[in-house]
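With the first letter of the sequence shown counted as 1, position 128 gets the number 793 in the working numbering; the numbers rise by one all the way through. See below for the structure under consideration.
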Amino acid sequence: MSSLEKATELGGSLSVRIGDALSPSATVEGGFAGIVVDLFADGKVLPQLQEAETWLEIAKKLMPDGRIMVNCGGADTPVSLAADTGVSSWVQNPTIKALCSAFPGQLNWKRLSEKESVNYVALTGPLPDLEEWSTSVPSELSPRVKQWVPCELA
666 MSSLEKATEL
676 GGSLSVRIGD
686 ALSPSATVEG
696 GFAGIVVDLF
706 ADGKVLPQLQ
716 EAETWLEIAK
726 KLMPDGRIMV
736 NCGGADTPVS
746 LAADTGVSSW
756 VQNPTIKALC
766 SAFPGQLNWK
776 RLSEKESVNY
786 VALTGPLPDL
796 EEWSTSVPSE
806 LSPRVKQWVP
816 CELA
């Protein structure tokens with residue numbers, strides 16, 4: 666890990682913290698540019714990640730314009746992937762519901778393919794330009810970038 670934490674030529678760096686990510690002491694000076702949340706216990710998303718207040722507390726650890734990316738787990742109920750293609754299919758995932766409530770108009774999601782897993786992934790902040798983003802990643806990832814959609818409460 667230490668080699669990943671070295672500053673780049675442009676001055677950027679990666680800071681890896683291992684421990685209780687939900688602890689108030691899990692911070693860095695100036696805030697994090699990004700926080701990746703992938704927290705599970707017994708194969709399930711932690712219950713507190715299904716509460717909007719938890720996400721608002723995590724967001725306080727970000728620098729201005731920082732983002733949170735989340736592995737939200739699967740749907741609440743068994744769902745056929747073929748039937749789960751609508752832009753509102755996220756409503757079956759309690760973590761995305763909590764995130765959408767915490768960050769109205771500032772949450773985007775996608776469902777991973779059955780081949781990858783049956784999980785949903787979410788990203789806070791405005792939806793990036795998908796064309797520009799897809800051309801900046803390796804070709805095998807490009808089509809997946811275009812699957813991101815905004816989360817909108819009804």
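By construction, the Cβ of each residue, glycine as well, lies at the ideal position given by its N, Cα and C atoms.
- Shown here, Trp-813 sits in coil according to DSSP, grouped into three states, outside any helix or strand.
- Short of 8 Å from the beta carbon of Leu-818, and not among the five residues preceding or following it, lie these beta carbons of its own chain, in chain order: Cys-765, Ser-766 and Pro-769.
- Assigned with DSSP and collapsed to three states, Thr-800 falls in helix.
- Taking every protein chain shown into account, the CB of Gln-713 has fewer than 16 other CB atoms within 10 angstroms, so this residue is exposed.
- Secondary structure remark: continuous alpha helix (DSSP H) runs of at least 4 residues inside the region 684-739, in chain order: 717-724.
- Distances from the alpha-carbon of Leu-792 to those of Trp-813, Lys-762, Glu-694 and Gly-677 put Trp-813 closest.
- The Cβ neighbour count for Arg-776, taken over all protein chains shown within 10 Å, is at least 16; the residue is labelled buried.
- In the DSSP assignment, Lys-671 forms no beta bridge with any residue.
- Contact check for Ala-763 and Glu-805: beta-carbon distance about 32 Å, past the 8 Å limit, so the pair fails to qualify.
- Leu-788 sits in a strand when the DSSP states are folded into three classes.
- Bridge pairing for Arg-776: Tyr-785 [DSSP].
- Collapsing the DSSP output to three states places Leu-818 in coil.
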